[in-house]
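Here the structure comes first, spelled out in structure tokens, and everything after it is commentary.
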Amino acid sequence: MPSLKSHVVSFVLRHSRKQAFSSPENLQRWIAYARKTENHQPPAPLRSRFEITTRSVDGFPVYEIAPKAGVRKRILYLHGGAYVFQITSYHWGLIADMADRLGFGITVPIYPIAPEHDFHAMFGMVGEVYRQLLDETEAQDIVFMGDSAGGNMAVVLTMMAAEDAQPLPSRHVLISPGLDLSLANPEVFEAERYDPWLGIPGGLEAVRLYSAGINPSDWRISPLYGDLSVLPKTLLLTGSRDMLTPDNLIFAQKARAAGVEIEVVHEQGMFHVWPLIDMPEARRARDSIVTFLTSDTESYHAKAGELALQRTGRSDPAHDLAAPLRS
1 MPSLKSHVVS FVLRHSRKQA FSSPENLQRW IAYARKTENH QPPAPLRSRF EITTRSVDGF
61 PVYEIAPKAG VRKRILYLHG GAYVFQITSY HWGLIADMAD RLGFGITVPI YPIAPEHDFH
121 AMFGMVGEVY RQLLDETEAQ DIVFMGDSAG GNMAVVLTMM AAEDAQPLPS RHVLISPGLD
181 LSLANPEVFE AERYDPWLGI PGGLEAVRLY SAGINPSDWR ISPLYGDLSV LPKTLLLTGS
241 RDMLTPDNLI FAQKARAAGV EIEVVHEQGM FHVWPLIDMP EARRARDSIV TFLTSDTESY
301 HAKAGELALQ RTGRSDPAHD LAAPLRS
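Everything in the sequence shown is counted per full-length UniProt numbering, starting at 1 for the first residue and increasing by one.
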């Protein structure tokens, strides 16, 4: 049964944030207001707890939280915000919790957002961040984590890296990702009625502002239609009161059919990106993330070897031996 706090948060969202997605005009108004108040910098308490440095990539800041001594692993965290809103204190709270509990280093790009920038600027910047990350860290020690639009970006970035024959991250953690922005699934329209946060009219406006005219069914916008076989072992968290969930469950089915190891946390009664909010259900979700990221990495090596064979066109008996690891 959903907690009392989750009911309170749902009520507040329905009477506040959902208004931003009720029409294109409302979304534009919320964006204009946000530009006057947004602050991408880590909150002061985080700066006092962690060693945080800042650098610039393509003129945009990238925050680096140093890993604990002796830890090689690093998370590339891509924040949500419908491609039009900046990182928030809720994102930083989750990032801090992961840094505390995992000890991993965390890279947080403050990527260009719409409408001032578009798809090409976003992925130009985060693509360069990943290339620089590969100069310092083995791909097997890199995790892509993203929520909402950031979850979409994590999947698309991996597909782009595969297309460019770059090393791929070892794991994905996708929190309420938006994986099909084409609205091809009629179940999404029914799910919107129960979603206390997201709405289709404003969501379509956000996609229009950022997509640079690319067709919404193109895999670069809706990665559900891309080559899912290139994806690493994945943890997908999605709630029953999130309009994105019908497509997320389809994504999980298609990913498994493509040979991807994927774990799904489908939390009853939960709304969009609930793991960012301090409440019992979020604590359970974060426990799932920590467990997922501290389990063995054997499946990564099997997957990496298989992809290497596919690219070179060679056959190898080890290719068949890897298959049980992905079931």
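Don't be surprised by glycine CBs; every beta carbon is placed ideally from N, CA and C.
Item	Value
Let's test the definition: count the other Cβ atoms within 10 Å of the Cβ of Y231 and tell me whether it reaches 16, buried, or not, exposed.	Reading the sequence as shown, one finds Leu at residue 231 and not Tyr. Per the 10 Å Cβ criterion, buried.
Alpha carbon to alpha carbon, how far is R286 from L174? Give it in angstroms, no decimals.	12 Å
Are three or more beta carbon pairs between the stretch 153-160 and the stretch 118-125 nearer than 8 Å?	yes
Between the C-alpha atoms of T291 and T234, what's the straight-line distance to the nearest angstrom?	12 Å
Output needed for S10: all residues of its chain with C-beta closer than 6 Å, excluding positions within five of it in sequence on either side, in chain order.	P196, F271
Alpha carbon to alpha carbon, what distance is there between E192 and V143?	31 Å
If we call anything under 8 Å between Cβ atoms a contact, is P67 one with N152?	no
Is it the case that the stretch 68-87 contacts the stretch 23-35, given that we only count it when at least three CB pairs across the two stretches are under 8 Å?	yes
First and last residue of the alpha helix (DSSP H) that includes E138?	That residue, E138, is in no alpha helix (DSSP H); it is neither H nor E in DSSP.
Going by beta carbon distance, what residues of the same chain come within less than 8 Å of S56, once the five residues before and after it are set aside?	V62
Starting from the C-beta of P167, find all residues in its chain whose C-beta is less than 7 Å away, skip the five residues before and the five after it, and write them out in chain order.	L134, A139
Please go through the stretch 134-221 and give each complete alpha helix (DSSP H) segment of 4 or more residues, from N-terminal end onward.	149-163, 187-192, 200-210
By the 10 Å Cβ neighbour count, where 16 or more other Cβ atoms means buried, how is P186 classified, buried or exposed?	exposed
D141: buried (16+ other C-beta within 10 angstroms of its C-beta) or exposed?	buried
Between which two residues does the beta strand (DSSP E) holding H266 run?	262-267
Quick check on L76: does DSSP put it in helix, strand or coil?	strand
Consult DSSP for R49 and reduce its assignment to one of helix, strand or coil.	helix
When the Cα atoms are used, what is the spatial distance from K5 to E281?	9 Å
Can you round the beta-carbon distance between F104 and V129 to whole angstroms, since I take them to be within the 8 Å contact cut?	Not quite, the Cβ-Cβ distance comes to about 16 Å (not below 8 Å), so this is no contact.
Determine the direct distance from the alpha carbon of G80 to that of G146, and round the result to whole angstroms.	7 Å
Quick one: residues in its chain with C-beta nearer than 7 Å to the C-beta of P275, no 5 flanking neighbours on either side, listed in chain order?	L94, I175, L237, A282, A285, R286
Can you tell me which of the three DSSP states T245 falls into?	helix
Report the residue from I31, R171, S3, H7 whose alpha carbon sits nearest the alpha carbon of G202.	I31
Would you mind working out which of G59, L198, R74 sits nearest R14, comparing C-alpha positions?	L198
Have a look at V207, P216, D97, M279 and flag the residue whose alpha-carbon is nearest the alpha-carbon of I113.	V207
Give the DSSP-derived three-state secondary structure of residue 355 in the structure shown.	Outside the shown range of the chain, which is 1 to 327, sits residue 355, and nothing can be said about it.
Cα separation between H301 and A34?	A caution first: H301 carries a pLDDT of 48, below 50, which makes its placement in the model too unreliable to give a value.
Buried or exposed, going by whether 16 or more other CB atoms sit within 10 Å of the CB of K36?	exposed
Applying the criterion that 16 or more other CB atoms from any shown protein chain within 10 Å of the CB defines a buried residue, is A44 buried or exposed?	exposed
Enumerate in chain order the residues of its own chain whose CB-to-CB distance from P2 is below 6 Å, with the five nearest sequence positions on each side excluded.	G269
Between the Cα of D58 and the Cα atoms of V264, Y111, L76, K73, which residue gives the shortest distance?	Y111
Taking C-alpha atoms, which residue in A20, V108, G226 lies nearest to F60?	V108
Which two residues bound the contiguous alpha helix (DSSP H) that contains L235?	Unbroken run through L235 is the beta strand (DSSP E), 233-239; no alpha helix (DSSP H).
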